[in-house]
Amino acid sequence: MKFIAAVLALLACSIYLAEGEGEYGQLLDSNCGQTKEELRGRITGGKSTDLTLNPWMVKVVGQGTCGGTLITSRFVLTAAHCIVKSHMKVYLGEYRTRYPGMHNRSDGVSVPNSYALTVDKKIVHDGYRSMYKYDIGLLRMTDAVQYSDYVQPICLLVNGHMRGSPDYNITGWGITDFGEESWTLQAAPVFNTDLKYCRKKFCKQVDTSQICAANNKEDACMGDSGGPLSAQMAFGDSFRTFQYGIVSYGTDTCNSFSVYTNVTHYRKWIVESIEHHSESISPYDPHNPFKPGDIGLLRMEREVSFSDRIRPICLSVTQRLERVQSYTITGWGTKGDNVLARILQETTLLGDDPLLCKSETHYQIDQSQICTSGLNGDSCYGDAGGPLSADLFYNGTKRVFLMGILSFGSFDCKGYSVSTYVPHYRDWIKDTIKQNLN
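Per mature numbering (1 follows the signal peptide of the UniProt record, and there is no 0), the sequence shown runs over residues -20 to -1, 1 to 418.
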């Protein structure tokens, strides 16, 4: 028997963002811009980066070689002039382009093998005619990637104010001092410069859709096009790496001014392009009104096969479920170190008086929501949209039922949490699935 696979998803995950969210804006991917060590190294005239410092770097291969950045699990940001009509591939987790997997005897570190994915969609800005303007594009990979220590997205703000930076870092496998493309990923510092200097240097109209940066000793060079101009920025309680620009063009000598596409100027185009070309999830209007009905459905592109590791949670569509005193929440949210968990976590929450949640969160809590608190743990950033479940007996068998969808909670992740009460919306869920079977 086949089943329609429906996923209940939280629609207001922005409530569970970092402290800086309200001031700076919303991240395109909340798992972005975090590494284990500080950024260091150079490109032209410099030295290699460390293995895990730039896990968002992507090697883009078409008729030539460019750089790019992973911005979501399926999209790579690069320069428009790097995108060609012929077959293209992207390499993720790339560090050393020759002799990957080689063991480094000096520090005992083995260089991991990268892996390649085919590009199935090329998106170039409609205004692009030459690399001097609108030099921005997106590559969609055939499959979504799994994040690891060596594969992570860089941060992009989709709204809010993006603070400027006096200096940046550039990374790539471009031409070095020796006149050859680098075997290993290089990084170099460059400094924010007034646009007038780039206008004078290149005799071109350089405007606010671009960034002018320079370093007379280290610079981007041939082969670095499409790579990121980035900087670390405090976001909430941690530092993350944000992409400010895309390497566009520079001097032949690679030791002066370079022009970069200003990513912030195009963030609306980036978001709309990703939404338009994300075909794996069918579009569906969210439940309305948004408050307090923080609930939604995602219809997947195709049905899934159930197995020991993939099964649906129980929903009662006929019998009214009573609220219980103890619930289980599961998720990959932060655990107190502001780092998302790599292994699925769970903890127990207790049902509480809605008045306590109202007093704690200053939100109106009604019968369509559940108020909970934890003794030894609580939900936190990254857990939003996850299940609040309970073990209940059904025809003499204990089964796991979905009772709530985690909605929002206290900032310190130690107080009360509010979840959408799923049984309250059982008729809406049933009717919506019926209406969208085809």
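Just so you know, even glycine gets a beta-carbon here, dropped at the ideal spot from N, CA and C. Keep in mind that this is a model prediction, so the values were computed, not measured.
Check                                                                                                                                               : Outcome
Could you tell me the alpha carbon to alpha carbon distance between Ser10 and Gly362, rounded to whole angstroms?                                   : 8 Å
So Ser399 and Thr328 are supposed to be a Cβ contact under 8 Å. How far apart are they, rounded?                                                    : At roughly 14 Å, the Cβ-Cβ gap does not stay under 8 Å, so Ser399 and Thr328 are not in contact.
Throw me the rounded Cβ distance for the residue 419 and Tyr307 pair, which I believe falls under 8 Å.                                              : With the chain running from -20 to 418 in the structure shown, residue 419 is simply not present.
Does the distance from the CB of Val70 to the CB of Ala96 come in under 8 Å?                                                                        : yes
Indicate the three-state DSSP secondary structure (helix, strand or coil) for Glu252 in the structure shown.                                        : helix
Since Lys181 is in the alpha helix (DSSP H), which residue starts that stretch and which ends it?                                                   : 175 to 182
Is it the case that the Cβ atoms of Gln349 and Tyr396 are separated by a distance below 8 Å?                                                        : no
What would DSSP say about Pro169, mapped onto helix, strand or coil?                                                                                : strand
Measure how close the beta-carbons of residue 422 and Ile309 come, nearest whole angstrom, since I'm counting them as under 8 Å.                    : Residue 422 lies beyond the residue range present for the chain, which begins at -20 and ends at 418; the question has no answer from this structure.
When we look at the beta-carbon of Met280 and count the other beta-carbons within 10 Å, is it buried (16 or more) or exposed?                       : exposed
So which of Asn375, Arg247, Met111, Asn356 has the shortest CA-CA distance to Phe182?                                                               : Met111
In chain order, what residues of the same chain lie with their CB nearer than 7 Å to the CB of Leu320, ignoring the 5 residues before and after it? : Asn11, Trp312, Gly313, Thr314, Gly362
Taking Cβ to Cβ, would you say Ser145 is nearer than 8 Å to Cys46?                                                                                  : no
List the whole-angstrom C-beta distance separating Thr221 from Gly13, where the pair is believed to meet the contact cut-off of C-beta under 8 Å.   : 4 Å
Around the Cβ of Pro292, are there at least 16 other Cβ atoms within 10 angstroms (buried) or fewer (exposed)?                                      : exposed
Taking Cys294 as the reference, give the member of Ala124, Thr377, Gly117, Ala59 with the closest Cα.                                               : Thr377
Any idea if His404 is buried or exposed, counting beta-carbon neighbours within 10 angstroms, 16 or more meaning buried?                            : buried
Excluding sequence positions up to five away, which residues of its chain have a Cβ less than 7 Å from the Cβ of Gly44?                             : none
Quick one: using the 10 Å Cβ neighbour count with 16 as the cut-off for buried, is Ile323 buried or exposed?                                        : exposed
Write down the C-beta distance between Thr49 and Met37 rounded to the nearest angstrom, noting that I regard them as a contact closer than 8 Å.     : 7 Å
If you measure from the beta carbon of Phe237 to each beta carbon in chain D, is any gap under 8 Å?                                                 : No chain D appears in this structure, which consists of one protein chain only.
On the three-state DSSP scale, how would you describe Lys101?                                                                                       : strand
Would you kindly work out how many angstroms separate the C-alpha atoms of Phe171 and Asp147, rounded to a whole number?                            : 4 Å
Mind checking who Leu137 pairs with in its DSSP beta bridge?                                                                                        : Leu7
For Tyr229, write down the residues that DSSP places opposite it in a beta bridge.                                                                  : Val239
Report the rounded CA-to-CA distance for Ala103 versus Gly117, giving the unit in angstroms.                                                        : Reading the sequence as shown, one finds Ile at residue 103 and not Ala. Distance between the alpha carbons of Ile103 and Gly117: 5 Å.
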